[in-house]
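Here is the structure we will look at.
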Amino acid sequence: MKSTILAGALLALATATSVHAQAIKLADVAELSGGGATVGTNWKNGIDLAIEEINAKGGVLGRKLEVTHADSQSNPGVARAQVQKALDAEPYVLLGPGYSGSVKVTAPLAAEAGIAQIMGGEAAELTQAGNKFLFRTSFGQQSSMPKVAKYIHDEMKAKTVAVVWVNNDFGRGGRDVVVKELDRLGSKVVADLSTEAGQADFAADVGKIKAANPDAVFVYLNEEESARILKELKRQGVTAPLMGETTLIGQKVIELAGDAANGARGHVGLTTDAPVDLIKAFREKFSKKYNYVPDHNGLKGYLAVYMVKATTEKMGKVDAKKFADTLHGLTIKAADEPGILMDVTFSDTGDIDRQSFLVEVVEGKQVVKQVLPKVK
Amino acid sequence: MSNLFDLLVAGLATGAIYALVAVGFTLLWQTSQTINFAQGEFVMLPAFLMLAAMHAGAPFWLAIILGILLSMILLGLAFKLLLVDPMMRHGVLPLAIATMALAIGIKESVKQFFSAEASPFPSIVPTGDISILGHAVSLQSIGVLVVAIVAVFGLTALLNRTSLGHQMQAAAQNPTVARIIGVPVERMILLTFLINAFLVALASLLITPIYLAKFSSGEVLGQAAFIAAIVGGFNQVRGAIAGGLLIGVLDNLAAAYVSTQYRAAVPMIFLIAVILFRPQGLMGRAEERTV
């Protein structure tokens with residue numbers, strides 16, 4: 001009897017160990033508290049939803065996914081320590097962080113460990129430093145700005161453009177790409193205005209824009225400054241169409257700028273308002289599970305996990321060292337992997353190319369006006 | 001140069017706000033030798049008091065009245081009785097340091113109780129333009145300019161043409177003699193604090209619709225008004241007005257014709273030049289020191 005019990009216990013232990021060994025371990029470091037708590041919470045919830053779905057359908061290559069979440073406190077220093085701790089546990093893939101500043105200081109650690117890092121940062125420079133292990137879940141400026149420039153040239157028919165940008169890494173990066181692209185397409189930049197982060201008074205900047213009399217104005221500032229310049233543009237009666245990116249037509253900007261935001265257009269890489277059936281389904285599932293509508297960071301977290309699934313299934317094995325090589329140049333079609341939501345191609349630098357959306361603010365609400373095709 | 005007129009109007013409108021705030025610096029300095037380094041935060045807070053009243057269900061006009069009254073109680077009466085009077089015994093420097101601490105306290109409290117994010121704020125002036133000399137000038141700019149000019153002229157008239165104003169000036173110029181001739185000096189000083197609180201509340205009402213309500217918005221405003229007060233003359237109300245308007249216009253012209261990147265440097269360079277060549281300010285009077 002004793003030997004039967006002992007044998008049963010050993011069998012149970014062996015089975016448990018085997019199941020544990022078979023799980024594919026992911027590590028997530030995100031902004032779960034601090035200034036980026038909204039970003040990190042959406043990202044984490046997107047990850048958890050994807051893992052739940054995948055595991056419910058049998059996992060990846062028959063193995064379940066497991067994830068550990070760590071809080072960067074929206075602080076690059078803490079993010080670095082958390083990533084180091086996460087890498088010590090030898091995860092299959094590192095997920096996060098969402099803030100570009102935190103990605104910048106953690107990317108070398110993941111690269112040194114030879115672990116792929118799928119993150120949410122959007123600063124252009126992140127994937128331009130030659131890091132072969134870093135992957136985006138959304139557009140970097142080098143992907144979004146060509147679309148913006150193309151829209152200004154082709155759709156707005158703007159021969160002359162005023163470009164106003166915030167003088168920091170984010171603004172400078174976007175400005176450099178969009179000016180280059182506008183020049184290539186033949187739209188002339190007639191005013192190139194740098195502004196300061198936190199700037200309150202935009203009267204002079206708007207005065208310059210008025211004096212330049214452009215066919216279109218490209219606005220690339222942080223959210224609050226975007227709201228201020230929108231109000232000033234309206235105050236000074238600038239009627240040229242306004243084009244921007246996510247930071248010009250976000251809900252917070254609309255709230256702050258009020259009527260002045262109406263008519264502003266912008267390019268967004270991901271939005272749960274997109275007229276895409278799979279995104280609509282994602283929005284419904286997410287809202288049902290968490291009782292709120294996610295922002296684009298929820299989509300990013302969800303996509304990160306499906307990038308892991310699609311890449312692993314492409315390899316046919318779980319191999320952390322080969323993961324990055326396989327994901328470079330990979331095209332994942334939504335028809336083959338619905339979790340990826342839209343057809344997507346990853347470049348050799350880890351950047352992303354896929355459809356995106358042209359949004360216009362109509363009566364205080366974002367309205368998707370057009371689906372913009374992949375660049376290549 | 002076609003937009004020079006627009007730049008001048010916008011610069012004067014911003015400058016008028018600086019002037020309102022700068023006048024507060026000079027009033028407090030003249031009557032009580034107080035340099036209030038929380039003056040920028042004094043402009044930021046009334047907007048949040050008005051927002052709080054609106055969130056509680058008050059209509060905008062009532063929120064304005066409540067905001068101004070609360071500002072006069074908190075930033076006038078309480079500021080004088082609870083901070084300036086006790087600290088004044090220790091001299092001007094400890095008092096100045098105390099106002100710096102107050103600035104931090106106000107800023108962090110607003111951040112904690114409201115939000116670190118900016119909030120929209122309704123405007124008392126309607127949006128839209130009117131045509132002046134063939135130029136479309138925004139009603140908001142004109143409204144800000146007119147309200148600020150009326151406030152400043154009202155204050156000047158009060159100081160120069162009324163018995164109360166003369167008593168305030170007497171209390172500021174020589175409190176000992178003023179007491180001898182029967183001027184209630186303490187009451188006059190308190191009145192100065194209340195007037196400053198009224199002016200900052202007015203500035204807050206005018207500027208917040210443009211700058212948005214944010215816990216940190218007093219930093220830039222306080223600095224600009226401080227520069228304006230020094231440039232114009234710290235001991236002259238008319239100097240503070242001139243300094244405010246000058247800095248507002250200079251800032252806008254520098255941004256338009258020099259560089260937006262270096263616009264913040266231009267008023268500072270101007271300030272240094274004024275301190276070097278006319279330390280009492282453009283319209284201030286030199287004060288002799290006896291040793």
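Respectively, the protein sequence lines represent chains E and S. Note that UniProt numbering gives residue 101 to position 101 of the first sequence, counting from 1, and the numbers run on in steps of one. Note that UniProt numbering gives residue 186 to position 186 of the second sequence, counting from 1, and the numbers run on in steps of one. The beta carbon of each residue, even a glycine, is placed where N, CA and C say it ideally should be. Quantities reported herein were computed from a predicted structural model and do not represent experimental measurements.
- DSSP, read as helix, strand or coil, puts Gly40/S in helix.
- Ser347/E has its alpha-carbon roughly 30 Å from the corresponding atom of Glu284/E.
- DSSP, reduced to helix, strand and coil, places Ala30/E within a strand of the structure shown.
- For Lys57/E, no Cβ of chain S is located within less than 7 Å of the residue's own Cβ.
- Between Gly266/E and Val368/E, the alpha-carbon positions lie close to 10 Å from each other.
- Residue burial annotation: Met50/S is buried, with at least 16 other C-beta atoms found within 10 angstroms of its C-beta.
- Residues of chain S whose Cβ lies closer than 9 Å to the Cβ of Ala30/E do not exist; the shortest such Cβ separation is about 20 Å.
- Taking C-beta separations shorter than 6 Å and ignoring five residues to either side along the sequence, the partners of Gly121/E in its chain run Ser100, Val103, following chain order.
- Taking 7 Å as the threshold, the shortest C-beta distance from Arg63/E to chain S does not fall below it.
- Remark: three or more beta-carbon pairs, one from each stretch, lie closer than 8 Å, so the segment 272 to 291 of chain E and the segment 330 to 348 of chain E are flagged as touching.
- In summary, the residues of the segment 229 to 256 of chain E whose CB is separated from some CB of chain S by less than 8 Å are Lys231, Glu232, Lys234, Arg235, Gln236, Gly237, Lys252, Glu255, Leu256, in the order they occur in the chain.
- Here DSSP, grouped into helix, strand and coil, assigns His296/E to helix.
- Taken atom to atom, the span from the alpha-carbon of Ile195/S to that of Ala265/S is near 31 Å.
- Going by DSSP, Gly15/S is part of the alpha helix (DSSP H) stretching over 4 to 32.
- Under the DSSP assignment, Val146/S falls in the alpha helix (DSSP H) whose first and last residues are 139 to 161.
- Counted as a single uninterrupted DSSP element, the stretch harbouring Met72/S is not any alpha helix (DSSP H), since DSSP gives it neither H nor E.
- Unbroken beta strand (DSSP E) runs of no fewer than 3 residues, entirely contained in the segment 322 to 349 of chain E, are found at 344 to 346, following chain order.
- Under the three-state reduction of DSSP, Leu270/E is assigned to coil, being neither helix nor strand.
- Met168/S counts as buried, since at least 16 other C-beta atoms from the protein chains shown sit within 10 angstroms of its C-beta.
- Measuring C-alpha to C-alpha distances from Ile51/E to each of Ala37/E, Gly36/E, Thr68/E identifies Thr68/E as the nearest.
- Fewer than three Cβ pairs drawn from the segment 39 to 59 of chain E and the segment 82 to 93 of chain E lie within less than 8 Å of each other, which leaves the two stretches out of contact.
- In the structure shown, the three-state DSSP call for Leu65/E is strand.
- Within chain S, the residues whose beta carbon sits less than 9 Å from that of Asn167/E are Thr260, Gln261, listed in sequence order.
- Scanning the segment 171 to 209 of chain S from its first residue to its last, the whole alpha helix (DSSP H) runs of 4-plus residues come out as 175 to 180.
- Shown here for Val249/S: same chain residues with a beta carbon closer than 7 Å to its own, the five before and five after excluded, namely Leu8, Gly11, Leu12, Gly15 in chain order.
- Residue burial annotation: Val371/E is exposed, with fewer than 16 other C-beta atoms found within 10 angstroms of its C-beta.
- Lys208/E has a beta carbon lying within less than 7 Å of a beta carbon in chain S.
- For Tyr211/S, the chain E residues whose C-beta falls within less than 8 Å of its own C-beta are Ala200, Asp201, Arg228, listed in chain order.
- For Gly243/S, the closest alpha carbon among the candidates Gln261/S, Ala47/S, Ala256/S, Gln223/S is that of Gln223/S.
- Ile132/S counts as exposed, since fewer than 16 other C-beta atoms from the protein chains shown sit within 10 angstroms of its C-beta.
- For the segment 172 to 239 of chain E, the full-length alpha helix (DSSP H) segments reaching 4 residues or more read 203 to 212, 223 to 235 along the chain.
- Note that the segment 315 to 326 of chain E does not touch the segment 355 to 366 of chain E; fewer than 3 beta-carbon pairs, one per stretch, sit closer than 8 Å.
- Taken atom to atom, the span from the alpha-carbon of Thr260/S to that of Asn168/E is near 14 Å.
- Fewer than three pairs of CB atoms, one per stretch, sit closer than 8 Å, so the segment 149 to 159 of chain E makes no contact with the segment 117 to 134 of chain E.
- Counting along the chain, the unbroken alpha helix (DSSP H) around Asp85/S starts and ends at 85 to 88.
- Counting C-beta pairs with one atom in each stretch, the segment 57 to 64 of chain S and the segment 169 to 178 of chain S have fewer than three that are closer than 8 Å, which means they do not touch.
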